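Asks: Quick one: this structure, given as structure tokens, is what I'll be asking you about.
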Amino acid sequence: MRAWACTCQGATLCEWKLASAELLAKLLPPLRNHVQQAPRLHLDDTTLPLLERRRATTRQAHLWGYLVAGLRQENGLWVDHQPAVLFEFAESRAGAHPLNFLRDYHGYLQAAAYSGHDALCRTGRIIEGGCWAHCRRRFFEIAKAQKTPGLAARGHWRGSPSCMPSKPASSTGHRSTSWRCARPRPCRCCRSSISGCRVTPMACWPGIVAQWHAQGPGLTYSAESG
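Note that the sequence shown covers residues 1215 to 1440 in our numbering.
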């Protein structure tokens, strides 16, 4: 407006925004339907200030974002699901908001390790996708907290998927329920055992992840983005 040398009052601009929102509201049902049909969704929330009448200060509200991703079959071919993002306003970060929005959704969901999302995965309709970025943060936190090189790696691997059954499989194919930690495996960085690793856990990170991912089911459902 300033480029056109046109001056508008703030109230006028607000009225235009409200009128635009009413017109664009017609696109919301088909957009919501498109999001619900996505093979995979990325979910996150962000904050924004909310100003209410008869209130001198703002309070914190939330925008829940649902990002469409994944491939779907169409006429016998795998095609990209058309990208789209839907933002839903909420006055809080309660897990009830995404639970209500995704009540009919079936597919993969990649989200932060927020406890409010746990109910989504308990429905049986949604498969949780692991987030490598959040997994990596835990390793860095351990490395910062432990001053002794290798100590953090030892602590992690003592309770890691490298633990194997103490007895071989029986004739029925079932393994014993008694477990013990297997012999320490060599670190792929310094070639010593994990318990005797001489480099910092942060430096051992690629080897730890490679072995963990190969031996255990953790982060099986991991998306290529997000």
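Yeah, the Cβ is synthetic: ideal placement off N, Cα and C, and Gly gets one too. Keep in mind it's a predicted model, so treat the numbers as computed, not measured.
My output table needs one value for E1355: the three-state DSSP class, helix, strand or coil.
Replies: For the purposes of this step, residue 1355 is identified with residue 141 of the sequence shown, where counting begins at 1. Three-state DSSP puts E1355 in a helix.
Asks: Rounded to the nearest angstrom, what separates L1334 and G1343 at their Cα positions?
Replies: On the sequence shown, position 120 is the one that residue 1334 refers to. On the sequence shown, position 129 is the one that residue 1343 refers to. Taking the straight line joining both Cα atoms gives about 12 Å.
Asks: With distances taken Cα to Cα, identify the nearest neighbour of H1256 among A1304, F1354, Y1319, A1239.
Replies: Translated into positions along the sequence shown, residue 1256 becomes position 42. If we check each option's Cα against that of H1256, Y1319 comes out closest.
Asks: By how many angstroms is the C-alpha of W1230 removed from the C-alpha of L1291?
Replies: For the purposes of this step, residue 1291 is taken as residue 77 along the sequence shown, with counting starting at 1. For the purposes of this step, residue 1230 is taken as residue 16 along the sequence shown, with counting starting at 1. Taking the straight line from one Cα to the other gives about 44 Å.
Asks: Across which residues does DSSP place E1288 in a beta bridge pair?
Replies: Indexing the sequence shown from 1 puts residue 1288 at position 74. Partner(s): L1291.
Asks: Helix, strand or coil for E1305 per DSSP?
Replies: Translated into positions along the sequence shown, residue 1305 becomes position 91. In the structure shown, E1305 sits in coil (DSSP, three-state: anything other than H, G, I, E or B).
Asks: Given this structure, state the Cα-to-Cα distance separating V1249 from A1347, to the nearest angstrom.
Replies: In the sequence shown, the residue the question calls residue 1249 occupies position 35. In the sequence shown, the residue the question calls residue 1347 occupies position 133. Distance between the alpha carbons of V1249 and A1347: 24 Å.
Asks: Taking C-beta to C-beta, are G1284 and H1276 nearer than 8 Å?
Replies: As a position in the sequence shown, residue 1284 is number 70, starting the count at 1. As a position in the sequence shown, residue 1276 is number 62, starting the count at 1. No, these two residues do not count as a Cβ contact at 8 Å.
Asks: Just list the residues that DSSP pairs Q1324 with in beta bridges.
Replies: Translated into the one-based positions of the sequence shown, residue 1324 becomes position 110. DSSP lists H1256, G1343 as partners of Q1324.
Asks: Per the contact definition of three or more C-beta pairs closer than 8 Å, is the region 1233-1240 in contact with the region 1301-1309?
Replies: Touching, no, given that fewer than three Cβ pairs across the two stretches are closer than 8 Å.
Asks: Considering only the alpha carbon of each residue, which of Q1251, Q1287, R1269 lies closest to Y1280?
Replies: In the sequence shown, the residue the question calls residue 1280 occupies position 66. That would be Q1251, whose Cα lies nearest to the Cα of Y1280.
Asks: Can you give the beta carbon distance from D1258 to A1327, rounded, assuming they're within the 8 Å contact cut?
Replies: Residue 1258 sits at position 44 when you count from the first residue of the sequence shown. Residue 1327 sits at position 113 when you count from the first residue of the sequence shown. Not quite, the Cβ-Cβ distance comes to about 12 Å (not below 8 Å), so this is no contact.
Asks: Which term fits V1282, buried or exposed, when burial requires 16 or more other beta carbons within 10 angstroms of its beta carbon?
Replies: Translated into positions along the sequence shown, residue 1282 becomes position 68. The residue in question, V1282, is buried, as its Cβ has 16 or more Cβ neighbours within 10 Å.
Asks: Measure the alpha-carbon distance for A1217 versus Q1223 and round it to whole angstroms.
Replies: Here residue 1217 is taken as the residue at index 3 of the sequence shown, counted from 1. Here residue 1223 is taken as the residue at index 9 of the sequence shown, counted from 1. When rounded, the distance between both Cα atoms is 16 Å.
Asks: Ends of the beta strand (DSSP E) at Q1274?
Replies: Here the question's residue 1274 lines up with position 60 in the sequence shown. Taken as a continuous stretch (DSSP letters only), the beta strand (DSSP E) holding Q1274 covers 1273-1283.
Asks: Nearest to V1299 by alpha carbon, out of L1242, R1336, G1330?
Replies: Along the sequence shown, read from residue 1 onward, the residue named residue 1299 stands at position 85. Of the listed residues, the one whose Cα sits closest to V1299 is L1242.
Asks: Looking at the structure shown, is L1241 part of a helix, part of a strand, or coil, going by DSSP?
Replies: Residue 1241 sits at position 27 when you count from the first residue of the sequence shown. Three-state result, L1241: helix.
Asks: In this structure, what does DSSP give as the bridge partners for V1478?
Replies: The displayed coordinates of the chain run from 1215 to 1440. Any statement about residue 1478 would go beyond what the structure contains.
Asks: Suppose the cutoff is 6 Å on Cβ atoms and the five residues either side in sequence are ignored; what does the same chain contact list for M1215 look like?
Replies: Here residue 1215 refers to the residue found at position 1 when the sequence shown is read from its first residue. Excluding sequence neighbours, M1215 sits near C1222.
Asks: Do you know how far the Cα of Q1324 is from the Cα of F1354?
Replies: Reading the sequence shown from its first residue, position 140 is the one you call residue 1354. Reading the sequence shown from its first residue, position 110 is the one you call residue 1324. Each residue's Cα considered, the two are about 21 Å apart.
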